[in-house]
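Peer 1:
Numbering (mature numbering (1 follows the signal peptide of the UniProt record, and there is no 0)), first residue to last: -20 to -1, 1 to 281.
1) What residue range does the alpha helix (DSSP H) around residue 255 cover?
2) Would a C-beta distance cut-off of 7 Å place residue 250 and residue 92 closer than the cut-off?
3) I want to know whether the segment 175 to 186 touches the segment 96 to 110 - three or more CB-CB distances under 8 Å.
4) Where do the N-terminal and C-terminal ends of the beta strand (DSSP E) with residue 53 fall, by residue?
5) So what does residue 201 bridge to, in DSSP terms?
6) What are the complete beta strand (DSSP E) segments, minimum 3 residues, inside the segment 228 to 256?
7) Quick one: is residue 172 buried, meaning 16 or more other Cβ sit within 10 Å of its Cβ, or exposed?
8) Quick one: any contact between the segment 68 to 78 and the segment 256 to 272, if contact means 3 or more CB pairs under 8 Å?
9) To test your reading of the DSSP string, which unbroken beta strand (DSSP E) runs of 3 or more residues are found completely within the segment 63 to 93?
10) What residue range is occupied by the uninterrupted alpha helix (DSSP H) comprising residue 121?
11) So, at 8 Å on beta carbons, what are the nonlocal neighbours of residue 217 in its own chain, with the 5 sequence-adjacent residues on each side left out?
12) Check whether the Cβ atoms of residue 67 and residue 161 lie closer than 7 Å to each other.
13) If residue 193 and residue 70 are in contact, beta carbons under 8 Å, what's the gap, nearest whole angstrom?
14) Nearest by alpha-carbon distance to residue 108: which of 98, 114, 116 and 117 is it?
15) Does the structure place the segment 222 to 240 close enough to the segment 145 to 155 that three or more beta carbon pairs sit under 8 Å?
16) How close, in whole Å, do the beta carbons of residue 287 and residue 136 come, if the pair is a contact with beta carbons under 8 Å?
17) Tell me, please, whether the CB atom of residue 102 is closer than 7 Å to any CB atom in chain C?
18) What's the gap between the Cα of residue 4 and the Cα of residue 124?
19) So, for residue 139: in the same chain, excluding its five sequence neighbours on each side, which residues have a beta-carbon less than 6 Å away from its beta-carbon?
20) Please state whether DSSP places residue 12 in a helix, a strand or coil.
Here you go:
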């Protein structure tokens, strides 16, 4: 098992310039990011989540700081006739999850921002999870003029068996509402749903750092309906790319279908700087005979 390493840290000067500017375009932060200038005045302002024993500004460092970037390998969507297809030579986004530092987690942390039409679980602590009706998150993205973001999500954040925007609503409501850095109080002159777009930007930014298809292909692991792989080979490929062991998930028939990359975030996850960590969950794949299947004809675009 290899030691972790982390992405190159942005300089304090860049953070200061980005966070302090009222209007900016940056590869580090998007225009809907929270008011992170406040973090420069906090002590400690920029630290890795789960690694500080003193109080921090929870808008600057997530309280649930074990961050998971999760991806799917589906072979069909079930909505190909409606144009919902999987991206060629790429895994798809599952989400960005905030676990507690010990690997436990909470869900649906703010019922006032619960847009998931099919909550899972539907009941939490003996309370039925409510639904805020009439909010379509693809329309929210459009209302902020982020057609670029919507185009990317439609291509790479693809659901199976339901329209993709419903899946995005599930991921935001179940997971993003538990990230303290996406609390609406963290945003200066907050505009309704600003944190929704900010979360989606952050998920996309994190996903781009983990090109799973390329990680596996560089070690000769490619989709096939005849070839099978060992768990050790799959993990070797992913460990070589990140320096840490992710969770690798398989179905009951040994079909490879999911990867979860674990990390601590340097400051808010919006900064996109992650220290890679070993999984707390292990693998659900067999030691051998793993099937990394080709996608169904007509399911890729």
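Ideal Cβ placement from N, Cα and C applies to all residues, glycine included.
Peer 2: In brief:
1) By one-based count along the chain shown, residue 255 stands at place 275. That residue, residue 255, is in no alpha helix (DSSP H); its beta strand (DSSP E) goes 254 to 257.
2) Counting from 1 along the chain shown, the entry for residue 250 is found at position 270. Counting from 1 along the chain shown, the entry for residue 92 is found at position 112. Result no, Cβ atoms of residue 250 and residue 92 do not sit closer than 7 Å.
3) no
4) Here the question's residue 53 lines up with position 73 in the chain shown. Segment: none, residue 53 is in no beta strand (DSSP E) and carries neither H nor E.
5) Residue mapping note: residue 201 aligns to position 221 of the chain shown, counting from 1. BP columns for residue 201 are empty, so no partner.
6) For the segment 228 to 256, whole beta strand (DSSP E) runs of length 3 or above, ordered along the chain, are 236 to 245.
7) As a position in the chain shown, residue 172 is number 192, starting the count at 1. By the 10 Å Cβ count, residue 172 comes out exposed.
8) no
9) 72 to 79
10) As a position in the chain shown, residue 121 is number 141, starting the count at 1. Run containing residue 121: 117 to 123, per the alpha helix (DSSP H) assignment.
11) Along the chain shown, one-based indexing puts residue 217 at 237. If we look at residue 217 and ignore the five residues flanking it on each side, its Cβ neighbours are 195, 196, 198, 199 and 201.
12) Along the chain shown, read from residue 1 onward, the residue named residue 67 stands at position 87. Along the chain shown, read from residue 1 onward, the residue named residue 161 stands at position 181. No, the Cβ-Cβ distance between residue 67 and residue 161 is not below 7 Å.
13) Position 213 of the chain shown, counted from the first residue, corresponds to residue 193. Position 90 of the chain shown, counted from the first residue, corresponds to residue 70. So it is a contact: roughly 5 Å between Cβ atoms.
14) Position 128 of the chain shown, counted from the start, is the residue given in the question as residue 108. Looking at the Cα atoms, 98 is the closest of the given residues.
15) Segments in contact, no.
16) Residue numbering for the chain in the displayed model covers -20 to 281; residue 287 lies beyond these limits and cannot be assessed.
17) Chain labels in this structure do not include chain C; a single protein chain is all it has.
18) Position 24 of the chain shown, counted from the first residue, corresponds to residue 4. Position 144 of the chain shown, counted from the first residue, corresponds to residue 124. Any reading at residue 4 must be qualified, since the residue scores a pLDDT of 31, below 50, and its modelled position is unreliable; the value itself is stated next. Their backbone Cα atoms lie some 15 Å apart in a straight line.
19) Mapped onto the chain shown, residue 139 falls at position 159. Result list for residue 139: 147, in chain order.
20) Sequence index remark: in the chain shown, residue 12 carries index 32 (1-based). Judged by DSSP in its simplified three-state form, residue 12 adopts coil rather than helix or strand.
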